[in-house]
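Following: one structure in structure tokens, then a few remarks.
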DNA sequence: GGCGGCTTGCGAAAGTGTGCACAATCATAC
DNA sequence: GTATGATTGTGCACACTTTCGCAAGCCGCC
Ligand SMILES: NC(=O)c1ccc[n+]([C@@H]2O[C@H](COP(=O)([O-])OP(=O)(O)OC[C@H]3O[C@@H](n4cnc5c(N)ncnc54)[C@H](O)[C@@H]3O)[C@@H](O)[C@H]2O)c1
Ligand SMILES: NC(=O)c1ccc[n+]([C@@H]2O[C@H](COP(=O)([O-])OP(=O)(O)OC[C@H]3O[C@@H](n4cnc5c(N)ncnc54)[C@H](O)[C@@H]3O)[C@@H](O)[C@H]2O)c1
């Protein structure tokens, strides 16, 4: 990794990685930047340029070994280890997240779930997870740190939860709450908000029909 | 709207809009680009530049009228009308989406929900929505078009559902399925995928601790 | 009614990101 | 062994995006 990699490049790598694992599962051995680009709706040049930040993984005249490139991206993205996560807020959305089977195969484990509601605390979720009291979150994290926090509490509670996570030294937060979280530099935050996505699309819808 | 507006600008407007509605609810009358920027973690210059694509909404020495700017952004983003949506796939995630109270206040109405599972079809969801059979989706849309489709089916089924929506002339799709949907030009697609967000963050986590 | 302090809007500069075009290289076929 | 056809990696030019810097304009105070 010689120089600084643009953030946009990092954000594209996971989509490359996911397509490659699909190809691998389908038994495809070699793939060209052309083919990758068609499947992902990006230009072949962009894919080659993105990958060239990290090394020379292809072969002229052939393309990329799916196996090789998958392995390289796994290492680059840090997916060759398991990541421990806590989930805060076990309401409707939190329940869906906790039962989602898409995290574990990708190396992400939810190792603790928390809520403030006394009726929720103590209940069992899915298999082995018991909802804990959010009042214990700080202590639990001090005893047993995790890598990532998932925030699924109402908007008004989100910053308080984020503050606890940050104070515990967490490195990354995935927030579903519809507010911009304030965190110190060095803490990664991504927000998932379907309303923002919808509002970005209505701008275009309006113009298209007009 | 004189010239072409960069897509990155459009994607920031909803976050401005949301903050402004919060400020309005809290009774704030005037706000400066400085204050907006601090709350949203962007530079004041960027906010001013973004807004200047659409008009001159501020007053020198004062800032922006929260009321005025909210109204302007509402019009720009097309949020001064209601948008009709259908939801396809009423599993764990789809159920959470259908019961989410965050869409309706922003002008987005789920007017139909569909599934393929015979046990789900016919059941009532939340208040007045009855799960319909996805086999009827094309006909229903032909009779009564909607603006936006929300896809919450398994990855392998997503493209087929997208194809039906596109054939029905839908303008925008919000997909939760972990695959890149293929659509013709002119159809807006946004994907929501927590795993991609997580994988983007682990790249940075790996580098920080190293 | 003029002065001082603020903040916008915007042109221009600086900084980033993308796509083109092509030399270099590889696999294969004959 | 060489010709053929394909595809990578990358320098470069262009395009896009962000930030700077400041004149113009607004408010309130004295
Ligand atoms: N449901 C969706 O599809 C959806 C979609 C997008 C975003 N969101 C957002 O996700 C968040 C949760 O949505 P939801 O529909 O699950 O709401 P919900 O009300 O069903 O669940 C929220 C849960 O958080 C718990 N909680 C509240 N304060 C807490 C605290 N301080 N610490 C720990 N737990 C706390 C509550 O007890 C409740 O169980 C909201 O911010 C919402 O805007 C939801
Ligand atoms: N649960 C989550 O938190 C979560 C998070 C991110 C993404 N996702 C994605 O969202 C999608 C749904 O996830 P889920 O956890 O709700 O899965 P799920 O299995 O609980 O639900 C899927 C639903 O889709 C229905 N379905 C299947 N094929 C269909 C078709 N052709 N037409 C209509 N309905 C069909 C099924 O009957 C089922 O009810 C998946 O693609 C998943 O990867 C889920």
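Residue numbers (this note's numbering), protein chains in the order written: chain F, 85 to 294; chain Y, 85 to 294.
Note that CB positions come from ideal geometry on N, CA and C, so glycine has one too.
Please read all numbers here as calculations on a predicted model, not as lab measurements.
- Residue contact check for residue 131/Y against chain F: no CB pair falls below 8 Å.
- A distance criterion of 7 Å places the beta-carbon of residue 181/Y in contact range of ligand 1, judged by its closest non-hydrogen atom.
- Against chain F, the CB of residue 261/Y has no partner CB under 8 Å away; the residue lies outside that interface.
- For residue 125/Y, at least one C-beta of chain F is nearer than 8 Å to its own C-beta.
- A Cβ-Cβ contact shorter than 8 Å links residue 174/F with residue 204/F.
- When DSSP states are grouped into helix, strand and coil, residue 269/F belongs to the coil group.
- When DSSP reads this structure, residue 256/Y sits in a beta bridge with 232/Y, 272/Y.
- Counting only the Cα atoms, residue 244/F lies some 45 Å from residue 110/F.
- In this model, residue 155/F and residue 191/F are separated by some 14 Å (Cα to Cα).
- In this structure the segment 129–145 of chain F does not touch the segment 226–236 of chain F; the number of beta carbon pairs closer than 8 Å is below three.
- Residue 237/Y and residue 258/Y have their C-alpha atoms some 12 Å from each other.
- At a cut-off of 7 Å, the beta-carbon of residue 177/F counts as near ligand 1: some heavy atom of the ligand is closer than that.
- Using a CB distance below 9 Å, no part of the segment 208–221 of chain F faces chain Y.
- Secondary structure note for residue 172/Y: its beta strand (DSSP E) is the uninterrupted segment 167–172.
- Nearest C-alpha to residue 278/F among 146/Y, 178/Y, 201/Y: 178/Y.
- Nearest CB-CB separation between residue 228/F and chain Y: not below the 8 Å threshold.
- When 186/Y, 293/Y, 282/Y are compared, the shortest CA-CA separation from residue 187/F is found for 282/Y.
- Around residue 263/F, the same chain offers 239, 242 as residues with beta carbons nearer than 6 Å, after the five sequence neighbours per side are excluded.
- Set against 7 Å, the gap from the CB of residue 198/Y to the closest heavy atom of ligand 2 is smaller.
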